[in-house]
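Data block below; observations after.
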Amino acid sequence: MTTPTLPEARWKAWRPARPALLAAWTVIALIVLAAAFPGLFTGRDPLELEPAVAMRGPSPEHWFGTDQLGRDLFTRVVYGTRPSLLVGLGALTLALAAGALYGLAAALLGRFADVALMRLLDVLLALPQLLVALLALTVLGSGQVNLMIAIALSLLPAYARLVRAEALVVRRSGYLESAVLLGQHPLVQAFRHVLPNALGPLLVLGTVGFGMAVIAASGLSFLGFGAEPPSPEWGVMLSEGRDYLQTAWWLGVFPGAAITLTVVAVSVAGRSAQARFTRRTTL
Amino acid sequence: MKLSRTTPAAALVAAALLLSACGEGEAAGPVADAPVKGGELTFAVDTEPVSFDVHVSQQDITGTILRNVFDSLVHQDGQGGFQPWLAESWEVADDLKTYTFKLRKDVKFTDGTAFDAEAVKANFDRIADPATKSQLAATLLGPYDGTEVVDPHTVKVSFKQSFAPFLQAVSTPYLGFYSPKTIKENGAKLGSGGAVDVGTGPFVFSAYTKGQNATFTRNPDYAWAPKGATNAGAPYLDKLNIRFLPEASVRVGSLTSGQVHVSFALPPADAKAVEGNSKLALDRRDAPGANYSIYLNAAKAPLNDEKVRKAIQRGIDIDTHVKTLYFGEYKRAWSPLSPATAPYAKALDGSWPYDQALSGKLLDEAGWTTRDSEGYRTKDGKRLTVDWPLLPASFIREKRDVLGQAFQADLKKLGVEVKRPQGDIGTYIATVYGGKADLADYSWARAEPDVLWLLFNGASKPAEGGQNATFIDDPELTEWTDKGRSTLDKATRDDVYTKIQQRAVELGLVIPVYTSAFTNGRSRTVGGLEYEANGWPVFQGAWVTKK
Amino acid sequence: MSPVVRILAGLGTRLLGAAAVMFGAATLAFAALALIPGDPVTIMLGPFTTASQEIRDQIVLDHGFDRPLHEQYLSYLGRLVQGDMGESYQLQRPVAGLISEQFGPTAELASAAVVLAVVIAVASAVATAGRGRASRRAAHAWELVAVSLPSYWLGIVLLTVFSFRLGLFPLVGASGPSALVLPAATLALPIAGVLAQVLREGLETALEQPFAVTARARGLSRTAVRLRHALRHAAAPLANLTGWLAGSLLGGAVLVEVVFGRAGLGALTLQAALNKDMPVLIGVVLLSALVFVVIAAAVDLLHLLVDPRLRPA
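Protein chains in written order, with this note's numbering: chain Z, 13 to 295; chain U, 72 to 618; chain S, 1070 to 1382.
See the structure below:
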């Protein structure tokens, strides 16, 4: 939640060490696999109850222990991958798409639209991201889709700014004017000339945004705006587990670790992509 | 019929609880065995009141906290009887339409104003005034007609209809008394807490920091404790500090590390650890009123079929899940009414055990015989689905969402699909209170069997501020709940209230789930802590032994 | 134009922009209020109430819910201009009073966190900048983990270990500095991760500059060069982070205050969001917009005064 947007873009690129990068990609591959085919990792059902073994610690039988209804925690963490990533990914995609459209509109629809849209953006930027998300959730109500929209709304301003800046650079370069003279529609220009230029930095910013979205989602779940049970979702599991901190540490530790590991792996991979990208553009 | 204070002063259940706690003391630390004057006690609670105006608030926590500041006309003892408190005696008219109270003459508000008949009238009139926007107290006043000052120390409260539950209602802090002076000067600000909330109680509300704590100081002049209290005079404690700690793990941690003396609402998971700790004691009391139950909407398909309702009622393994999830701390319920509230229908105990074979048979008889590809039962091509909306997370207590998941899994085995959509509170209210859901779940803490009227009377329509989520007007349930509230005759009340509990279960209108318990952790340095009829701690007779 | 006039003109433009942002925030907040689905009275009362129709009507009347939307908007703006932010739906107290009352504890927590974050960041940057691969890797690793940890989780773990198990920092009952250590650390760590990275990179650039080499040549020790000269240069980019910092602090305060049971703006904000207490939420929105606008103007002005190149021509 307290992770930044703007400063990230300012950070100088660095290339993570090779072993770290390898580890990061291995983790990402495992996470993607778990999200796509959870059945590969476990033969159990995440919703199956076994009250007789409720609240047992980690053991060879139950690697991560069992929860308060006797469900296998490892299975729930594995099955929780998909919904947890979906919130982050959904929020990010939404923010990127909406941010790109917003930025393009500001840059290409004329001076009045630019001023109006950028002022609105200034307002959003003036508010802490969490507050924007909370405001959106107060209006929309809790639930997974609304959570996605709220987080997207809080991420959007950074992307919109970036796309607008790129679009202005392209516009000033002069080849848009020639395109207009050739009779192209502004929208066509946008898709042909501006977006490809903005895509690189946008995607790099996106890897950072993904980590932020996952943390934000788990934080908002913790605050009570989360997903619907009984679907296992990391943020909700963590928030359920926090009441058992004194008696059953594993209920909170493993979902928390899954969140942290995912965010770290994606950040490491993202940084390396960023490094490669900046090198290419500065050459 | 005339009823005056006939019940002899009975020993409080709480006193027994206290004695047993003292007897178990080990050599591990200082144990509270004799009253100690002075000192400060820190009490951690899980919820922060939205409003500190007892006449406005509907929250349990407001009553719990402000019980220390406000006294009542009568005191409800552990046996459900009523004892004199601010009223020395009272008379109830035969038609139950007027109640006349003779007030004590020595009572003073902490701002020096005398407590008299005018004060009672000012408070009751304030509650009944729509401008006060009372969310609970006005309901407790029922068909209130007015208060008449007979003489400075006698008041006559009249009702438009017979109103038997009034004595219980008037024993709650929600019908407590503010100093008329503060009502006049700070009427609109009473909800904000602090020094404006002037009562007659053992403690003075001295300060409130929102989000953090509320502090109360000793009322040295207090000499009007309810009859039967172990400490008749001013409290032993100089200061009572109430901390708001919403995180359960924080409450437990601060109790075990000695940062608070008493902690409210310990999670069942930690109860064993607290019991095993030689420096701590666990005080447990069953919550009164309506148990946590699931109510079935019998006004619409598929639950308009009694067989389907019974199938669901018998098809969930309440015993196992309640025991597992709450570590044996909460009792599994058999009746919609708590065993802590008389008259409890004991005959219901064990009368409807978990029996999926029976449930399957009932569903077959009801015509839900075919199954679809996901294993759910169907009839005429329609899947057997029940909607059970989930409250927004901030309203969910006691892990009821997790318990619901267990029931969902049981019913899936039976071939019944349970959907649990979760939306915002507006959607929840529109769906559930609008009768569009199939199941609704809640508990209702009120130490009076009249709570059954709220749950099952045909006039208690959810769309109009009622709570009857069965959405039907069963003639017998309506007749009996009406009868119960219009008489004070014990035999009649016992009879109708027992019948109501049995009939509601027999018709499959309700699935009682568990009796919630107040589980409070307490340092063994704390003595004299008592619990009143609602299960709330009373600090008037409490003390802290110095280390 | 004289420089003074130019600065004043710059200031004027700033103020106009700031006013626009404030107006926008107020309108956005009102739009959010108007967009909430469902009957506001039902939402205010919550699910477990036995309030009668008479009482519901009274609430509608008190809050003017029956008036047309544009009328409500105009009277809302009018009251805002006079500094009246209305009354909380739930707490029935003036919003301005609530916010000013809760501002203190949050400011205390936030300033403690900033100090802690800066100390950690400076220590980490001075210790690791340009000192070889191993230390740089270590710096990268901790910075990354610091920003990737869910902060509320960190708070609960710190609380369990240091307060409950070890009994080092009593939290409840005490209100002195010891009660501030854990919440401030929780709030500070992710911020320190970011600051340390920015500072370290600035430091690395500065150390390559001629003045650093000269200072070394004058015989100053490496650490002295870092602390005395390079750090000042490296700190410049931090000024641009102040706006972000303020936002992070308020956002983080919501979670930290909830976990540690502290009073403050964060806890107030969350309570308002959960109860749909819009007047309070609107007040918090306006306050954070104001803080941001003031900080942004101050940073710009600072640049303007310090760096003549940035003055408008």
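Don't be surprised by glycine CBs; every beta carbon is placed ideally from N, CA and C.
Exercise for the section: Would you tell me roughly how many angstroms separate the C-alpha atoms of S444(U) and G452(U), rounded to the nearest one? Expected result: 12 Å
Practice task
Determine the direct distance from the alpha carbon of L1235(S) to that of M1113(S), and round the result to whole angstroms.
Solution key: Near 43 Å, if we compare the C-alpha coordinates of L1235(S) and M1113(S).
Handout entry: For R491(U), three-class secondary structure by DSSP
Key = Coil.
Practice task
Round the Cβ separation of L1256(S) and A1198(S) to the nearest angstrom and send it over; I've been treating them as touching at under 8 Å.
Solution key: In this structure, L1256(S) and A1198(S) do not form a Cβ contact; the two beta carbons are roughly 25 Å apart against a cut-off of 8 Å.
Handout entry: Under 7 Å (Cβ pairs) to chain Z, residues found in the segment 386-412 of chain U
Key = T391, H392, T395, L396
Exercise for the section: Starting from the C-beta of L1249(S), find all residues in its chain whose C-beta is less than 6 Å away, skip the five residues before and the five after it, and write them out in chain order. Expected result: Hits under 6 Å: A1181.
Practice task
Flag this pair as yes or no: are the beta carbons of N605(U) and V333(U) separated by less than 8 Å?
Solution key: Not in contact: N605(U) and V333(U) (Cβ atoms no closer than 8 Å).
Exercise for the section: Could you tell me whether the Cβ of G1242(S) comes closer than 8 Å to any Cβ of chain U? Expected result: Note that G1242(S) scores a pLDDT of 45, beneath 50, so its modelled location is shaky; the value from the coordinates is reported in the next line. Interface residue, yes.
Handout entry: Nearest-angstrom Cβ-Cβ length linking V457(U) and L374(U), presumed shorter than 8 Å
Key = 7 Å
Handout entry: Element boundaries [alpha helix (DSSP H), containing L171(Z)]
Key = In the sequence as displayed, the identity of residue 171(Z) is Tyr instead of Leu. Y171(Z) -> alpha helix (DSSP H) spans 156-184.
Problem - For L137(U) and R355(U), the rounded distance between their alpha carbons - result: 21 Å
Problem - Contact set between Y256(Z) and chain U, taken where Cβ atoms lie within less than 7 Å - result: Among the residues of chain U, those whose CB is under 7 Å from the CB of Y256(Z) are A340, following chain order.
Handout entry: the segment 512-527 of chain U in contact with the segment 372-389 of chain U per 3-pair CB rule at 8 Å
Key = no
Exercise for the section: Determine contact between the segment 166-173 of chain Z and the segment 106-122 of chain Z, defined as no fewer than three beta-carbon pairs at a distance below 8 Å. Expected result: yes
Exercise for the section: Please compile the residues from chain U whose C-beta is within a distance smaller than 8 Å of the C-beta of E1220(S). Expected result: Inspection of the sequence shows that residue 1220(S) is occupied by Ser rather than by Glu. Chain U residues near S1220(S): none, gap ~15 Å exceeds 8 Å.
Handout entry: 8 Å Cβ cutoff, P95(Z) in contact with chain U
Key = It does not: the Cβ of P95(Z) has no partner Cβ on chain U nearer than 8 Å.
Exercise for the section: State the DSSP-derived secondary structure class of R385(U), mapped to helix, strand or coil. Expected result: helix
Practice task
Tell me, to the nearest whole angstrom, how far the beta carbon of P140(Z) is from that of S1357(S); I am working on the premise that it is less than 8 Å.
Solution key: Indeed, because the Cβ distance is near 6 Å, the residues count as touching under 8 Å.
Handout entry: Inter-residue spacing [alpha-carbon to alpha-carbon] between G82(Z) and V248(Z)
Key = Between G82(Z) and V248(Z), the C-alpha separation is close to 17 Å.
Exercise for the section: Flag this pair as touching only if the segment 357-373 of chain U and the segment 53-67 of chain Z have three or more C-beta atom pairs under 8 Å; answer yes or no. Expected result: Contact between the segment 357-373 of chain U and the segment 53-67 of chain Z is absent, because fewer than three Cβ pairs lie under 8 Å.
Handout entry: Cutoff 8 Å: Q141(Z) Cβ touching any chain S Cβ
Key = yes
Handout entry: Counted within 10 angstroms of its Cβ, other Cβ atoms place P407(U) as buried (16 or more) or exposed
Key = Buried: at least 16 other Cβ atoms inside 10 Å.
Practice task
Assuming R314(U) contacts N284(U) (C-beta within less than 8 Å), just tell me the rounded distance between them.
Solution key: 5 Å
Exercise for the section: Can you grab the Cα-Cα spacing for the pair Q1216(S) / A1265(S), in whole Å? Expected result: One point to set straight first is that residue 1216(S) is Val, not Gln, in the sequence displayed. If I take the Cα positions, the gap works out to 11 Å.
Practice task
Use the C-beta contact count for G223(Z): other C-beta atoms within 10 angstroms, 16 or more gives buried, fewer gives exposed.
Solution key: buried
Exercise for the section: Measure the alpha-carbon distance for E219(U) versus R197(U) and round it to whole angstroms. Expected result: When rounded, the distance between both Cα atoms is 14 Å.
Exercise for the section: Would you check if the distance between the CB atom of A64(U) and the CB atom of I254(U) is smaller than 8 Å? Expected result: Residue numbering for chain U in the displayed model covers 72 to 618; residue 64(U) lies beyond these limits and cannot be assessed.
Exercise for the section: Name the residue from W439(U), K483(U), A305(U), V331(U) whose alpha carbon lies nearest to the alpha carbon of G386(U). Expected result: Answer by Cα proximity: K483(U).
Exercise for the section: Take A270(Z) and list the residues in its own chain whose beta-carbon comes closer than 7 Å to its own, dropping the five residues that flank it on each side. Expected result: V89, W246
Exercise for the section: Find the residues of chain S that neighbour K532(U), judging by a C-beta separation of less than 9 Å, and give them in chain order. Expected result: Residues of chain S passing the Cβ test: none, with the nearest at roughly 12 Å.
Handout entry: Buried or exposed (CB count within 10 angstroms, at least 16 for buried), P1246(S)
Key = exposed
Problem - Rounded separation between K281(U) and Q1171(S) - CA only - result: Between the alpha carbons of K281(U) and Q1171(S) lies a gap of roughly 8 Å.
Practice task
Say whether chain U places a C-beta atom closer than 8 Å to the C-beta of F1233(S).
Solution key: yes
Problem - Chain-ordered chain U contacts of Q80(Z) [CB-CB under 8 Å] - result: Neighbours of Q80(Z) on chain U, chain order: A340, T395, L396, K470, V473.
Exercise for the section: Just list the alpha helix (DSSP H) runs in the segment 1263-1296 of chain S, keeping only unbroken ones of 4 residues or longer that don't cross its boundaries, in chain order. Expected result: 1279-1286, 1291-1294
Practice task
Would you list the one or two residues that DSSP bridges to P155(U)?
Solution key: V145(U)
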